[in-house]
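**Student:** A single structure is presented below for examination.
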Amino acid sequence: MKTCWDGLWLRNLSFFEKMDQKTDIGDRIRLERERLGLTQPAFAALGDASKSSQLAWERETAYPNLKVLAAWARAGADVGFIASGRVTATGLSSEEETLVAYYREAPREVKRAALSALISASAADAVSGTQMRDVTMNNNAVGGVQIGFSAGAKVKVPKRS
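Here you go:
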């Protein structure tokens, strides 16, 4: 007689079999270390580990424990990225965190306009090879948003309450 646990056991078995394969965690550990501008010994020392441990983690012959990951997080490493490959809010600058917070609170139309502005600006920069100057984008729909900037201009962002 089969139970629901049979399928769970089989799925977990294949998961553990896959654990013997490379997962790119080592590459992500190295990328975070380099992003923070730290040497292998300095990054390892954050978690009270040795350079040889750091080398093993980056080669994926061993993996850091939670104590090490917590120490890296306190130093500004994005441990969510290290574990999953997806950039998380902890890996963002304070400006980026502010942008994400405002974005999450914005109505759908504002989100659409903001994404369009960022995508358009990035695409224009990629095509021209230069930065856009004196750009203004308008959205005259109900709840519309006007987005504009000028090269070298400072943008004032209201403080959140």
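In this note's numbering, the protein residues as written are -8 to 152.
We treat Cβ as the ideally placed atom computed from N, Cα and C, and that holds for glycine.
By how many angstroms is the C-alpha of S85 removed from the C-alpha of F22?
**Tutor:** The sequence given here has Leu at residue 22, not Phe. Cα to Cα, L22 sits roughly 20 Å from S85.
**Student:** Measuring alpha carbon to alpha carbon, tell me which residue in A61, D18, V59 and L60 is nearest R50.
**Tutor:** D18
**Student:** Just mark N56 as buried or exposed, buried being the case when its beta carbon has 16 or more other beta carbons within 10 Å.
**Tutor:** exposed
**Student:** Is DSSP giving Q12 helix, strand or coil here?
**Tutor:** Here Q12 scores only 46 on pLDDT, less than 50, and its place in the model should not be relied on; the value that follows carries that caveat. In this structure, Q12 counts as coil in the three-state DSSP scheme.
**Student:** Please confirm if the region 27 to 38 is in contact with the region 88 to 99, defined as three or more CB-CB distances below 8 Å between the two stretches.
**Tutor:** no
**Student:** In the DSSP assignment, find the alpha helix (DSSP H) that holds L37 and state where it starts and stops.
**Tutor:** Q31 to L37
**Student:** Under a three-way DSSP split, which group does T52 fall into?
**Tutor:** coil
**Student:** Under a three-way DSSP split, which group does A92 fall into?
**Tutor:** helix
**Student:** Determine the DSSP secondary structure at D69, reduced to helix, strand or coil.
**Tutor:** Coil, per DSSP.
**Student:** Nearest by alpha-carbon distance to S41: which of G28, L27, E25 and V59 is it?
**Tutor:** V59
**Student:** Thinking C-beta only, is Y54 closer than 8 Å to W63?
**Tutor:** Cβ distance not < 8 Å, so W63 and Y54 don't count as in contact.
**Student:** Would you mind stating whether T79 and G67 have Cβ atoms separated by less than 8 Å?
**Tutor:** no
**Student:** For S84, does the three-state DSSP call read helix, strand or coil?
**Tutor:** S84 falls in the coil class under three-state DSSP.
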